[in-house]
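Just so you know, the sequences run in chain order G and A. Following this note's numbering, the numbering of the first sequence begins with 6 at its first residue and continues without gaps. Following this note's numbering, the numbering of the second sequence begins with 6 at its first residue and continues without gaps. The C-beta atom is built at its ideal place from N, Cα and C for all residues, glycine as well. Keep in mind that this is a model prediction, so the values were computed, not measured.
Number of protein chains: 2
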Amino acid sequence: MTVEKSGVECPINRAVELFNKKWTIQLIRDMFFGKKQFKEFQEDKPDLSNKVLSQRLKEMEAKGLIEKRVVNTSPVSTEYHLTEQGQKLNKVIYELAIFILDNPNYPEYNKNNKDQIKELFKNTLKVNDF
Amino acid sequence: MTVEKSGVECPINRAVELFNKKWTIQLIRDMFFGKKQFKEFQEDKPDLSNKVLSQRLKEMEAKGLIEKRVVNTSPVSTEYHLTEQGQKLNKVIYELAIFILDNPNYPEYNKNNKDQIKELFKNTLKVNDF
DNA sequence: CGGGATCCGGATGGATACTG
DNA sequence: CAGTATCCATCCGGATCCCG
């Protein structure tokens with residue numbers, strides 16, 4: 006690629022480093038959709054173990070995508086939020102969704118639900134705001 | 006998520022199924038940047054083995070992202086191209102690149118090279134065409 | 001050149017049990 | 001609720017050799 010010749014890594018390689026661990030993308034999506042607590046992230050993911058979830062959250066925090074807030078100590082209450090940087094992933098998530106929704110290989114998305122889901126993503130991700 | 010309640014999978018889950026595997030994103034990027042041959046994909050990836058590359062190409066073909074063209078039989082010459090669907094990933098790739106380039110955590114991209122790389126991606130991915 | 005077959009190691013992640 | 005500690009299965013992928 007031309008990028009390498011200028012002496013820097015291709016940004017796509019950097020991006021892959023950030024997102025190729027399992028569950029990472031879904032966790033970011035979940036935070037856009039309002040999930041904050043450790044347990045919430047596991048609700049619709051029966052095979053996301055404590056260990057892996059804990060690892061992912063730490064990694065994402067170390068990479069500056071999310072931040073951890075200890076809200077209360079007894080009972081323990083912790084919240085995870087997207088950082089300002091993390092929120093800039095809204096367009097990536099949106100384009101991923103659009104790619105699938107507009108893909109004829111996924112007929113489960115039809116005229117009955119497609120536009121609704123698009124609107125849901127568009128509003129939730131605030132695609133036009135940033 | 007609200008999506009699940011409408012009876013369909015979240016499109017992000019579907020997207021993750023497509024791109025989870027190692028090298029997939031880079032291979033798609035490479036094809037946007039003109040690479041076509043088996044060997045070309047390995048050039049800047051010293052640890053992408055024949056086996057894994059072969060697997061990835063087959064998977065991507067099965068998923069309708071790329072197509073295989075046997076150009077010549079002796080000597081063997083095969084080309085891999087993005088399908089019409091695959092080409093619609095241009096915006097996903099673009100947004101991934103932009104996210105990294107505009108991220109202050111990657112100071113290797115500075116005023117000297119950032120705009121150049123952005124232009125390169127914008128032109129190569131033809132972001133405004135589709 | 002474009003792969004297939006085998007072999008094998010390390011990394012990843014899931015299950016379970018336990019703790020503050 | 002939010003994790004930690006262990007154990008274990010699997011899977012993924014790299015190396016090597018081989019073939020048309």
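Residue i vs residue j beta-carbon contact at 9 Å
i	j	result
P98 (chain A)	I30 (chain A)	A small fix is needed here, since residue 98 (chain A) is Ile in this sequence, not Pro. Cβ atoms of I98 (chain A) and I30 (chain A): closer than 9 Å.
P16 (chain G)	Q90 (chain A)	no
W28 (chain A)	K44 (chain A)	no
L125 (chain A)	Y114 (chain A)	no
V13 (chain G)	N118 (chain A)	yes
E100 (chain A)	K68 (chain G)	no
T7 (chain G)	F38 (chain A)	yes
Cβ-heavy atom distance, residue i to the ligand MN, below 8 Å
i	result
P16 (chain G)	By its list of ligands, the structure shown contains no ligand whatsoever, and the ligand MN lies outside what it can speak to.
Enclosing alpha helix (DSSP H) for residue i [first to last residue]
i	result
V57 (chain G)	55-67
I48 (chain A)	Before going further, note that residue 48 (chain A) is Glu rather than Ile in the sequence given. Taken as a continuous stretch (DSSP letters only), E48 (chain A) belongs to no alpha helix (DSSP H), as it is neither H nor E.
F104 (chain A)	95-106
F37 (chain G)	29-37
Pairwise C-alpha distance: residue j and residue i
i	j	result
K26 (chain G)	L62 (chain G)	11 Å
L94 (chain G)	I122 (chain G)	18 Å
R19 (chain G)	V57 (chain A)	21 Å
S82 (chain A)	V76 (chain A)	5 Å
Q60 (chain G)	P80 (chain A)	49 Å
Q42 (chain G)	E84 (chain G)	5 Å
L53 (chain A)	M65 (chain A)	16 Å
I33 (chain G)	H86 (chain A)	31 Å
K40 (chain A)	Q47 (chain A)	10 Å
D35 (chain G)	Q92 (chain G)	12 Å
F24 (chain G)	L23 (chain A)	13 Å
P112 (chain G)	K10 (chain A)	17 Å
D120 (chain G)	T88 (chain A)	24 Å
K116 (chain A)	N55 (chain A)	38 Å
D134 (chain G)	D134 (chain A)	23 Å
Start-to-end residues for the beta strand (DSSP E) that takes in residue i
i	result
V13 (chain G)	Neither: V13 (chain G) is in no beta strand (DSSP E) and is coded neither H nor E.
E113 (chain G)	Neither: E113 (chain G) is in no beta strand (DSSP E) and is coded neither H nor E.
Strand pairing of residue i, partner residues [DSSP]
i	result
Y85 (chain A)	A:K73
N78 (chain A)	This sequence places Thr at residue 78 (chain A); Asn is not what is there. The partner list for T78 (chain A) (beta bridge, DSSP) reads A:V81.
Across the region 55-74 of chain G and the region 120-132 of chain G, are there enough close Cβ pairs to call them in contact, namely three or more that are closer than 8 Å? Contact between the region 55-74 of chain G and the region 120-132 of chain G is absent, because fewer than three Cβ pairs lie under 8 Å.
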